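Below you'll find the structure, written out as C-alpha coordinates, and then a few comments.
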Amino acid sequence: MKKTLFIQHRSPYSSESPQEQLDALLVCATFGQKVSILFQDDGVWQLLPEQKGTAIEKRTLAAQLQALVLYDVNDIYVDAMSLKERGLDGHTLALPATPVNANTIKQLLCEQDMVLRF
319 MKKTLFIQHR
329 SPYSSESPQE
339 QLDALLVCAT
349 FGQKVSILFQ
359 DDGVWQLLPE
369 QKGTAIEKRT
379 LAAQLQALVL
389 YDVNDIYVDA
399 MSLKERGLDG
409 HTLALPATPV
419 NANTIKQLLC
429 EQDMVLRF
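Just so it is clear: in the sequence shown, position 46 is 364 by this note's numbering, and no numbers are missing.
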(Lines of atoms letter the chains of each structure in order from A; the text may use other names.)
(Lines give C-alpha, C1' and ligand atoms only; values in the text may rest on other atoms or scores of the structure.)
Protein backbone atom coordinates (compact mmCIF):
# COMPACT_ATOMS: atom_id res chain seq x y z
CA MET A 319 0.00 0.00 0.00
CA LYS A 320 1.42 3.38 -1.03
CA LYS A 321 1.85 6.01 1.67
CA THR A 322 1.01 9.54 0.58
CA LEU A 323 1.37 12.71 2.62
CA PHE A 324 -0.61 15.78 1.58
CA ILE A 325 0.72 19.08 2.88
CA GLN A 326 -1.87 21.83 3.18
CA HIS A 327 0.05 25.10 3.41
CA ARG A 328 -2.37 27.72 2.06
CA SER A 329 -5.13 29.56 3.86
CA PRO A 330 -8.55 28.04 3.22
CA TYR A 331 -9.94 30.55 0.74
CA SER A 332 -6.83 32.15 -0.78
CA SER A 333 -7.18 30.06 -3.95
CA GLU A 334 -8.76 26.86 -5.21
CA SER A 335 -5.66 24.89 -4.18
CA PRO A 336 -6.83 23.82 -0.69
CA GLN A 337 -10.11 22.49 -2.08
CA GLU A 338 -8.38 20.73 -4.98
CA GLN A 339 -5.87 19.12 -2.65
CA LEU A 340 -8.62 17.90 -0.33
CA ASP A 341 -10.44 16.41 -3.33
CA ALA A 342 -7.24 14.64 -4.46
CA LEU A 343 -6.64 13.34 -0.94
CA LEU A 344 -10.13 11.85 -0.76
CA VAL A 345 -9.70 10.18 -4.16
CA CYS A 346 -6.42 8.60 -3.05
CA ALA A 347 -8.02 7.38 0.16
CA THR A 348 -10.95 5.95 -1.78
CA PHE A 349 -8.58 3.88 -3.91
CA GLY A 350 -6.76 2.29 -1.00
CA GLN A 351 -3.73 4.47 -0.45
CA LYS A 352 -2.52 5.09 3.10
CA VAL A 353 -3.11 8.84 3.26
CA SER A 354 -1.99 11.35 5.86
CA ILE A 355 -2.22 15.13 5.96
CA LEU A 356 -0.05 17.86 7.43
CA PHE A 357 -1.32 21.39 7.96
CA GLN A 358 1.56 23.82 7.81
CA ASP A 359 2.17 27.56 7.41
CA ASP A 360 -1.09 29.36 6.53
CA GLY A 361 -2.72 25.96 6.03
CA VAL A 362 -3.33 25.82 9.78
CA TRP A 363 -6.13 28.37 9.25
CA GLN A 364 -8.07 25.56 7.52
CA LEU A 365 -8.45 23.87 10.89
CA LEU A 366 -10.35 26.69 12.56
CA PRO A 367 -13.98 25.96 13.42
CA GLU A 368 -16.73 28.48 12.69
CA GLN A 369 -15.67 29.08 9.07
CA LYS A 370 -18.30 30.52 6.78
CA GLY A 371 -17.17 29.78 3.23
CA THR A 372 -20.68 30.44 1.98
CA ALA A 373 -20.18 34.13 2.80
CA ILE A 374 -17.78 34.26 -0.15
CA GLU A 375 -19.70 31.71 -2.23
CA LYS A 376 -17.34 28.80 -1.52
CA ARG A 377 -17.82 25.49 0.22
CA THR A 378 -16.76 25.61 3.86
CA LEU A 379 -13.48 23.73 3.99
CA ALA A 380 -13.48 22.98 7.73
CA ALA A 381 -16.82 21.20 7.37
CA GLN A 382 -15.47 19.07 4.53
CA LEU A 383 -12.41 18.14 6.55
CA GLN A 384 -14.75 16.34 8.96
CA ALA A 385 -15.14 13.69 6.24
CA LEU A 386 -11.51 12.59 6.59
CA VAL A 387 -12.38 10.00 9.24
CA LEU A 388 -15.04 8.53 6.95
CA TYR A 389 -12.24 7.81 4.45
CA ASP A 390 -10.00 6.27 7.12
CA VAL A 391 -7.66 9.26 7.13
CA ASN A 392 -6.61 9.16 10.76
CA ASP A 393 -3.06 10.50 10.46
CA ILE A 394 -3.75 14.23 10.73
CA TYR A 395 -0.84 16.43 11.73
CA VAL A 396 -0.36 20.14 12.35
CA ASP A 397 2.94 21.98 12.45
CA ALA A 398 3.28 23.20 16.05
CA MET A 399 5.50 26.11 15.02
CA SER A 400 2.94 27.29 12.45
CA LEU A 401 0.27 27.29 15.15
CA LYS A 402 2.51 29.21 17.54
CA GLU A 403 3.51 31.80 14.93
CA ARG A 404 -0.18 32.53 14.28
CA GLY A 405 -1.19 32.59 17.93
CA LEU A 406 -3.47 29.57 17.56
CA ASP A 407 -4.26 26.99 20.20
CA GLY A 408 -4.11 23.36 19.10
CA HIS A 409 -6.97 22.48 21.47
CA THR A 410 -9.54 24.60 19.61
CA LEU A 411 -9.10 23.12 16.14
CA ALA A 412 -11.95 21.64 14.11
CA LEU A 413 -10.09 18.31 13.81
CA PRO A 414 -8.07 16.27 16.28
CA ALA A 415 -4.69 17.01 14.67
CA THR A 416 -1.45 15.84 16.24
CA PRO A 417 1.00 18.72 16.75
CA VAL A 418 4.45 17.91 15.34
CA ASN A 419 7.82 19.65 15.47
CA ALA A 420 10.41 20.08 12.70
CA ASN A 421 12.22 16.81 13.50
CA THR A 422 9.00 14.82 13.42
CA ILE A 423 8.05 16.45 10.11
CA LYS A 424 11.40 15.39 8.60
CA GLN A 425 10.81 11.83 9.78
CA LEU A 426 7.25 11.88 8.46
CA LEU A 427 8.49 13.02 5.03
CA CYS A 428 11.06 10.22 4.90
CA GLU A 429 8.40 7.57 5.59
CA GLN A 430 6.28 8.48 2.56
CA ASP A 431 6.20 7.02 -0.93
CA MET A 432 4.80 10.31 -2.23
CA VAL A 433 4.45 13.85 -0.85
CA LEU A 434 2.02 16.29 -2.47
CA ARG A 435 2.07 20.00 -1.73
CA PHE A 436 -0.22 22.05 -3.96
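Every residue, glycine too, gets a C-beta built ideally from N, C-alpha and C.
Quick caveat: nothing in here was measured; it's all calculated off a predicted structure.
Review point. Buried or exposed: where does Q425 fall if 16 or more other Cβ atoms within 10 Å of its Cβ makes it buried?
Key: exposed
Review point. Around the Cβ of D397, are there at least 16 other Cβ atoms within 10 angstroms (buried) or fewer (exposed)?
Key: buried
Check your understanding: Does the Cβ-Cβ distance between I394 and T416 come in under 8 Å?
Key -> yes
Check your understanding: Residue ranges of each beta strand (DSSP E) run of no fewer than 3 residues wholly in the stretch 373-414, ordered along the chain?
Key -> For the stretch 373-414, whole beta strand (DSSP E) runs of length 3 or above, ordered along the chain, are 393-397.
Check your understanding: Between which two residues does the alpha helix (DSSP H) harbouring S335 extend?
Key -> S335 to T348
Exercise for review: Go ahead and pull the three-state DSSP assignment for Q430.
Suggested key: coil
Practice item. Mind checking which residues open and close the beta strand (DSSP E) that includes F357? Key: K352 to F357
Review point. How many angstroms separate the CA atom of M399 from the CA atom of N419?
Key: 7 Å
Practice item. Can you grab the Cα-Cα spacing for the pair I423 / L434, in whole Å? Key: 14 Å
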